[in-house]
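Working notes, beginning with the structure itself.
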Amino acid sequence: MSRFYEYVARNTAGEEVAGTMQADSEAAVARTLNERQLFPVRVSEQADAGQSTRRRRGKIALRHVGAFYGQLSDLLQAGVPMMRALDTLVRSSVNPVFTPIMQKVRDEVSAGKTLADAMAEHPEAFTSLHTAMIRAGEAAGFLEDVLANLAQFIERVDDLRSRVRGAMIYPMMLTIFGLAAMVFILIVLVPQFKPVFKNMPLPLPTLALFGLSDLLVQYWHVAGAMALLGLLGLQFALSSSWGKQKWERWRLKLPLLGRVTTMVSITRFCRILGTMLANGVPIIQALNISKDATGCTVLAGHIEKATDNVRAGEPLAHPLKESGLFPAEIIEMIAVAEESNQLDKVLVQIADTVERRTNRQVDVAVRLVEPLILALIAGAIGFMAVGLYYPIFNMAKTLR
Numbered sequence: 191m192s193r194f195y196e197y198v199a200r201n202t203a204g205e206e207v208a209g210t211m212q213a214d215s216e217a218a219v220a221r222t223l224n225e226r227q228l229f230p231v232r233v234s235e236q237a238d239a240g241q242s243t244r245r246r247r248g249k250i251a252l253r254h255v256g257a258f259y260g261q262l263s264d265l266l267q268a269g270v271p272m273m274r275a276l277d278t279l280v281r282s283s284v285n286p287v288f289t290p291i292m293q294k295v296r297d298e299v300s301a302g303k304t305l306a307d308a309m310a311e312h313p314e315a316f317t318s319l320h321t322a323m324i325r326a327g328e329a330a331g332f333l334e335d336v337l338a339n340l341a342q343f344i345e346r347v348d349d350l351r352s353r354v355r356g357a358m359i360y361p362m363m364l365t366i367f368g369l370a371a372m373v374f375i376l377i378v379l380v381p382q383f384k385p386v387f388k389n390m391p392l393p394l395p396t397l398a399l400f401g402l403s404d405l406l407v408q409y410w411h412v413a414g415a416m417a418l419l420g421l422l423g424l425q426f427a428l429s430s431s432w433g434k435q436k437w438e439r440w441r442l443k444l445p446l447l448g449r450v451t452t453m454v455s456i457t458r459f460c461r462i463l464g465t466m467l468a469n470g471v472p473i474i475q476a477l478n479i480s481k482d483a484t485g486c487t488v489l490a491g492h493i494e495k496a497t498d499n500v501r502a503g504e505p506l507a508h509p510l511k512e513s514g515l516f517p518a519e520i521i522e523m524i525a526v527a528e529e530s531n532q533l534d535k536v537l538v539q540i541a542d543t544v545e546r547r548t549n550r551q552v553d554v555a556v557r558l559v560e561p562l563i564l565a566l567i568a569g570a571i572g573f574m575a576v577g578l579y580y581p582i583f584n585m586a587k588t589l590r
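Laid out in structure tokens, this is it:
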């Protein structure tokens, strides 16, 4: 009966390589390592393979998976056999999370599985989108092209994601520092004014400011519990399908930001669907996979309806038009592409065009969000200043 073994070995350059392998015995592991020109240092049986994998497993960056696809494609196009190519990539990898997964894929392919089936055993690294395209490429005999397309696709998706996240760093930092400044004022400065205003009639802004300060200073545990309950309630609501739908619909209605969010999801949908169709994946399967990869539950619901229509023999453009999310020119391009049997090419073209437009909209949105955040923070601090100094001005008038 085969078991999982952990090993540490050295390659011909003297570098240490670690991984896992499924074999009948430690001796079998050592023989396999010698065949790969690896010299065993330590081999031990895993007490619990699943537990060991979970312990080692962390978040796998999308760019690492894309680099793996690109390197494997280059090796296969150069005429390197599959097993030798996988061995080379495993030996050269230094990623402590991804390397064991690559090793297991290599072992499963060596045991007779197809590359797609071996990758499907590790959904934390290889999504259903990837395995479907690779399975189609293996069946049609153009695996190298599919892997190259996947590498380019992942690079584009990762670039767009990094651009959106990077654009939000400065507004988020403004928000954090602004909130920290307001908390400092409420906890440190406001209590110092309370003795000055003792036994004085105070206006409503000052009373509200003192009440908020007392809540944070004297009843911080109550305020913390309320904040924690609020966060847990929000997390619970957003984890439900009803909450996700409500949140998505509200977010899509926001001026400019909602449009940017919609176009990012449309870009992802068009690129994924077009790439899969170009690599031989059937349209129903491609729609089902692209639906789950849009990142927008509202759009996913409309794509699910469109899938049912396509399954019934209707064109794709009509249900997408009824969703109200796709611009008219995109719907027209999809309709013409279906008629001319060029849907895959047109979808990728749409994704490229919309991505360029979305990048400009992201820049505009960030330029608008930054002054808005500054205005809100300035307004909040201004309210605090009025609450603190308005009684002093009134007292000065009385003394005159």
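Counting in the working numbering, the sequence shown runs from 191 upward without gaps.
Even glycine gets a Cβ: it sits at the ideal position worked out from N, Cα and C.
Note that the structure is a prediction, hence the values are computed from the model and not measured.
Item                                                                                                                                                  : Value
In the structure shown, what three-state DSSP assignment does V471 receive?                                                                           : coil
Excluding the 5 residues flanking A220 on each side, which residues of the same chain have their C-beta closer than 7 Å to its C-beta?                : P230 and V233
Where does R226 sit, in a helix, a strand or coil, going by DSSP?                                                                                     : coil
Out of curiosity, what's the CA-to-CA distance linking S283 and A301?                                                                                 : 22 Å
Residues in the same chain with beta-carbon distance under 6 Å from F332, minus the five sequence neighbours each way, listed in chain order, please. : none
Do the region 475-493 and the region 568-576 make contact, defined as three or more Cβ pairs closer than 8 Å?                                         : no
For F383 and L578, I'd like the C-alpha separation in whole angstroms.                                                                                : 7 Å
With a Cβ-Cβ cutoff of 8 Å, do L399 and L463 count as a contact?                                                                                      : no
When you compare the CB positions of L337 and S263, do they come within less than 8 Å of one another, or not?                                         : yes
Under the assumption that T465 contacts E545 (Cβ atoms under 8 Å), give the Cβ distance between them as a whole number of angstroms.                  : So it is not a contact: roughly 13 Å between Cβ atoms.
Determine the DSSP secondary structure at L418, reduced to helix, strand or coil.                                                                     : helix
At which residues does the alpha helix (DSSP H) containing K388 begin and terminate?                                                                  : It is not in any alpha helix (DSSP H) - K388 carries neither H nor E in the DSSP assignment.
Would you mind reading off the limits of the alpha helix (DSSP H) that contains G307?                                                                 : Per the sequence presented here, residue 307 reads as Asp, with Gly not at that position. That run of the alpha helix (DSSP H) goes L305 to A310.
Residue ranges of each alpha helix (DSSP H) run of no fewer than 4 residues wholly in the region 327-368, ordered along the chain?                    : 333-357
Put S513 into one of helix, strand or coil per three-state DSSP.                                                                                      : helix
Give me the Cα-Cα distance between G401 and A427, rounded to the nearest whole angstrom.                                                              : 30 Å
Less than 7 Å between C-beta atoms, sequence neighbours within five positions excluded: which residues of the same chain meet that for T365?          : I563
Quick one, are the C-beta atoms of L281 and N339 less than 8 Å apart?                                                                                 : At residue 281 the sequence reads Arg, which differs from the Leu that was named. No, the Cβ-Cβ distance between R281 and N339 is not below 8 Å.
Does R568 pass the burial test, meaning 16 or more other C-beta atoms within 10 Å, or should it be called exposed?                                    : It should be noted that the sequence gives Ala, not Arg, for residue 568. Exposed, because fewer than 16 other Cβ atoms sit within 10 Å of the Cβ of A568.
What is the DSSP secondary structure of F316, reduced to helix, strand or coil?                                                                       : coil
How about the region 321-331 and the region 305-312: do they share at least three Cβ pairs that are nearer than 8 Å?                                  : yes
For S234, list the residues DSSP reports as bridge partners.                                                                                          : E196
Check each candidate in F459, A507 and I474 and name the one with the smallest Cα separation from T487.                                               : F459
Would you decide whether A213 is buried or exposed? Buried here means 16 or more other CB atoms lie within 10 Å of its CB.                            : buried
Which residue marks the beginning of the alpha helix (DSSP H) containing Q435, and which one marks its end?                                           : S431 to L442
Can you give the beta carbon distance from N478 to T497, rounded, assuming they're within the 8 Å contact cut?                                        : 6 Å
I need the DSSP call for S242, collapsed to helix, strand or coil.                                                                                    : Any answer about S242 is weak, because its pLDDT of 44 lies below 50 and its placement is not dependable; what the coordinates show is given next. The answer is helix: DSSP assigns S242 an H, G or I state.
If you reduce the DSSP assignment to three classes, tell me which class G503 lands in.                                                                : coil
To the nearest angstrom, how far is the alpha carbon of V412 from that of R355?                                                                       : 34 Å
Is the distance from the Cβ of M600 to the Cβ of A570 below 8 Å?                                                                                      : Residue 600 falls outside the range modelled here, since the chain spans only 191 to 590, and no answer is possible.
Quick one: residues in its chain with C-beta nearer than 7 Å to the C-beta of P361, no 5 flanking neighbours on either side, listed in chain order?   : V556, V559, E560 and I563
Would you mind sorting D349 into buried or exposed? The rule is 16 or more other CB atoms within 10 Å of its CB.                                      : exposed
Less than 8 Å separating the beta-carbons of P581 and P385?                                                                                           : no
Which of helix, strand or coil does DSSP assign to V219?                                                                                              : helix
Quick one: what's G209 bridged to in DSSP?                                                                                                            : Y197
Mind checking Q389: buried by the 16 CB within 10 Å criterion, or exposed?                                                                            : The question names Gln, yet the displayed sequence has Asn at residue 389. By the neighbour-count rule (16 or more Cβ atoms within 10 Å), N389 is not buried but exposed.
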